[in-house]
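What follows is a single structure, written as C-alpha cells, with notes after it.
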Amino acid sequence: MPSTPRFTVTQDDKMVYVEIHVPYVRVTEMEYHIDGTSFTFWCKPYLLNLTFPGGVVDDDRAKAVYDINKEHGTIMVHLPKETPNVHFPDLDLLTTLLQQKKWRPQDEGLPDSLPAPLIEVVGGSSSVEASASPPPPPAPSSLSSTTDSSLLSFETPKEHVSLHVGPPTYGFNNRFSDFFKCWHGELHEVLSLPTPETSTPAERTKMRLELEDHDFDVERYLLDFANQGEDDHFKAAMSYTPFWAALPVWTPPPPKVLIAHVTDSLANVTLHASSIELTDKEKEALLRLPRREYLAFTAAEAAVVWHGLLDILAAYSYDLRTSEGDPTVESAWTISILSSTLSWLDPATTTVADVVRNTMRRTLVYPFLRQWDLGVVVVNDVVAMLRRGKRVVLRALLAIHSIFETSETYYLLNTLFINDYATWIQSTADAHLNEYANQLDAALAAFHKQQSGWGLVEIEAALLEEDEPSSDEELSGEDSSGEEDSDDNETMAQ
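In our numbering, the protein residues as written are 10 to 503.
Structural data, given as C-alpha cells:
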C-alpha cells in the first residue's frame with residue numbers, strides 16, 4: 010500500500026510550491042497530474058493526493074525539480090496558479106489539503122441542476138443545504154378537505170420528541186458506541202465513569218457531580234488557600250508565560266469598501282503570513298490525522314463539540330502551567346482527570362457557564378494545586394487561545410495528542426476525541442473561535458465561588474476568623490510579658 014510522503018506547501022503570487030520528501034527513490038518512475046484544484050503525485054512507494062483551495066494549471070511553467078542532496082532526496086513541484094495574485098488560504102494545514110475533492114456533476118459534463126443533496130458538509134465547497142421549500146402537497150378532494158379541517162380543529166399540536174434508539178454514545182460528536190467492550194481492561198485506567206456502555210448522558214452527569222461532592226476535601230482546599238502566598242509551585246504556575254502570549258489576537262477582516270476608496274487604501278495595505286508556524290513534528294502529526302469531513306452540526310451537536318473543546322483546552326492549560334511547559338509522566342492523568350469530557354465522557358450540553366463550573370470544580374478537587382485563582386487563570390488561558398485563532402488551538406491539541414500517544418492507556422482518548430478535534434479545528438473559521446472566546450469570557454466574569462456548590466466563601470471566612478483570635482492572643486501575650494518585664498526592672502531598682 011502506498012504511503013503518504015512528508016511534504017510542505019508554499020506559494021507566491023504566481024506559483025504554488027509543493028516540496029515532497031522522497032528519500033532513496035527512482036525519480037525516473039515519478040509522475041504527477043494536475044486537474045483544476047487537484048494534484049496527484051506518484052513515486053514508488055509514495056502517493057500524494059492534494060486538493061487546493063484554488064485552481065492550478067498544467068502548462069509550460071509546471072515542473073518538478075529533484076534535489077538528491079537535500080534530505081537524501083527532495084522533489085520540488087512548481088504549480089502555476091490558474092489566477093495569478095490570488096492567495097490560497099491555509100496551505101500550512103496539511104490535513105485539509107489531503108481531503109479529497111467532492112464530485113460535482115459539472116466535472117463529468119453533466120448539468121449542474123441535479124437535485125440538491127440533503128446533507129451539508131462542514132467546510133465542503135460543493136455541498137449545499139437542503140432546499141428550504143418542500144414540494145407542494147397534492148390537491149385534496151373537497152370531501153377530504155372538509156374532513157381534515159374538521160378533525161384538525163379538535164387536535165392539539167404536539168411537540169416534536171427526539172428519541173435515541175440504540176446503545177449510549179460518546180466521543181467526538183457522539184461518534185462511538187461499544188468502544189470499551191473491546192478495551193475492557195483499560196476502562197478503569199482511562200475513565201472515572203464506571204459504566205460507559207450503559208449510562209445515559211444524564212446519568213453520567215449525576216454520577217460525576219456526586220463523586221466530585223464526595224471527593225472535595227475541605228481541609229486540603231483551606232491548606233492551599235492559606236498557603237498560596239508561600240507556595241513556590243503555585244507562584245511558578247501563575248507567572249508562567251504560555252507560547253500564545255506573544256502572538257497577535259485575531260481581528261475580523263475590514264468591511265467592504267467602495268471601489269473609489271480602494272486606491273487611497275492600497276498604500277497602507279500590508280500582507281501578513283500566519284502568526285504561528287507549525288514545527289516539522291507537528292506537520293508529521295497532521296499527516297497521521299484522519300482525512301474526513303464533518304457533517305454540519307445541529308445546535309445540540311455544536312454545543313457538545315464546542316463545549317468539549319473548551320473543557321479539554323482548560324485541562325491542557327492547567328498542565329502546561331503546572332509543568333511549566335515540560336510535560337511529565339503525570340500530564341496524561343492531569344489532563345484527563347480535569348476534563349469532564351475526557352474522564353466522564355460528559356461535556357457540558359447546555360451553556361458555556363457549565364463549562365466554567367465543571368472546570369473550576371474539578372480544579373479544586375483532583376490536581377496537586379487546588380487554588381481558585383489558578384482555575385480562573387486557566388479559563389482565561391482558553392479565552393486567549395481562542396482569540397488567537399485555530400492554529401494556536403491546533404498546536405494545543407497536537408500537544409495533547411503527543412502526551413496521550415506516549416501513554417500506555419490514555420492513547421485511547423486520541424481515538425475517541427483528539428484525532429477528530431485536531432482534524433475538525435483546521436476547517437473551522439477563526440470568527441467562530443472568537444465568538445466562543447467572548448462567551449467564555451463573559452461566563453467566567455459572571456461565575457462566583459458561591460456557584461461551586463461547596464460554600465467556599467463561608468469556609469474561607471471561618472478560617473480567617475480562627476486566625477484573628479490567635480493573633481489577638483499573641484498580642485495580649487506580648488503586652489503581659491512586657492508588663493512583667495517592667496515590674497521586674499522596678500524591683501531590681503529598689
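Idealized CB from N, CA, C, for every residue including glycine.
Mind checking residue i: buried by the 16 CB within 10 Å criterion, or exposed?
i: Asp-355; result: buried
i: Trp-253; result: buried
i: Thr-37; result: exposed
i: Arg-404; result: buried
i: Trp-192; result: exposed
i: Glu-221; result: buried
i: Tyr-303; result: buried
i: Thr-307; result: exposed
i: Val-95; result: exposed
i: Gly-384; result: buried
i: Leu-473; result: exposed
i: Gly-334; result: exposed
i: Thr-359; result: exposed
i: Asn-78; result: exposed
i: Val-227; result: exposed
i: Val-466; result: exposed
i: Phe-189; result: buried
i: Asp-21; result: exposed
i: Arg-396; result: buried
i: Asp-241; result: exposed
i: Val-374; result: buried
i: Pro-98; result: exposed
To which residues of the same chain is residue i closer than 8 Å at the C-beta, ignoring the five residues directly before and after it?
i: Thr-46; result: Thr-60, Phe-61, Pro-62, Gly-63, Gly-64, Val-65, Lys-110
i: Asp-439; result: Trp-259, Gly-398, Lys-399
Could you have a look at residue i and say whether DSSP puts it in helix, strand or coil?
i: Phe-413; result: helix
i: Ser-47; result: strand
i: Thr-60; result: strand
i: Phe-252; result: helix
i: Asp-21; result: coil
i: Lys-53; result: coil
i: His-81; result: coil
i: Pro-89; result: strand
i: Asn-367; result: helix
i: His-316; result: helix
i: Asp-76; result: strand
i: Ile-427; result: helix
i: Ile-29; result: strand
i: Val-34; result: coil
i: Ser-12; result: strand
i: Phe-97; result: coil
i: Leu-507; result: Because the chain here runs from 10 to 503, residue 507 falls outside it and cannot be looked at.
i: His-42; result: strand
i: Leu-347; result: helix
i: Pro-144; result: Reliability of the predicted coordinates at Pro-144 is poor, the pLDDT of 42 falling under 50, and no value is obtained from them.
i: Tyr-327; result: helix
i: Phe-185; result: strand
i: Leu-202; result: coil
i: Val-385; result: helix
How many whole angstroms separate the CB atoms of residue i and residue j, which I take to be in contact at a CB cut-off of 8 Å?
i: Asn-423; j: Val-313; result: With 8 Å as the limit, Asn-423 and Val-313 do not qualify as a contact, their Cβ atoms being about 18 Å apart.
i: Arg-400; j: Phe-456; result: Incorrect: roughly 28 Å between the Cβ atoms, too far for contact.
i: Ala-323; j: Val-391; result: 5 Å
i: Ile-412; j: Ser-340; result: 5 Å
i: Val-31; j: Val-18; result: Not a contact, Cβ separation roughly 15 Å.
i: Ala-362; j: Asp-320; result: Ala-362 to Asp-320, Cβ: 13 Å. No contact.
i: Lys-292; j: Leu-103; result: 6 Å
i: Ile-29; j: Ala-71; result: Going by Cβ atoms, the distance from Ile-29 to Ala-71 rounds to 15 Å, so no, they are not a contact pair.
i: Tyr-230; j: Arg-379; result: 6 Å
i: Ser-461; j: Met-394; result: That belief does not hold up - the Cβ atoms of Ser-461 and Met-394 are roughly 24 Å apart, past 8 Å.
i: Gln-435; j: Thr-83; result: That pair is no contact at about 25 Å.
i: Leu-449; j: Val-388; result: 7 Å
Who are the near neighbours of residue i in its chain, counting only those whose CB is closer than 7 Å to its CB and skipping five residues on each side?
i: Thr-165; result: Because Thr-165 sits at a pLDDT of 44, beneath the cut-off of 50, its placement in the model cannot be relied upon, and the following sentence gives the value as read from the coordinates. Here the set comprises nothing.
i: Met-24; result: His-87, Leu-88, Pro-89, Lys-90
i: Ala-463; result: Here the sequence assigns Trp to residue 463, which means Ala is not the residue at that position. Only Phe-225 meet the Cβ criterion.
i: Phe-407; result: Inspection of the sequence shows that residue 407 is occupied by Leu rather than by Phe. If we look at Leu-407 and ignore the five residues flanking it on each side, its Cβ neighbours are Glu-291, Ala-294, Ala-431.
i: Pro-54; result: Pro-11, Ser-12
Only counting the same chain, and skipping five residues up and downstream in sequence, which positions put a Cβ closer than 6 Å to that of residue i?
i: Ser-186; result: Pro-176, Thr-178
i: Asn-447; result: none
i: Thr-418; result: Glu-195, Glu-198, Val-199
i: Thr-372; result: Gly-384
i: Leu-56; result: Pro-11
i: Asn-58; result: Thr-49
Is the CB of residue i under 9 Å away from at least one CB in chain C?
i: Trp-259; result: Included in the structure is just one protein chain, with no chain C present.
Quiz item: Any contact of the stretch 63–74 with the stretch 83–94, i.e. 3+ C-beta pairs under 8 Å?
Solution: yes
Exercise. Check whether the stretch 428–437 touches the stretch 198–217, counting contact only when three or more Cβ pairs, one atom from each stretch, lie closer than 8 Å.
Key: no
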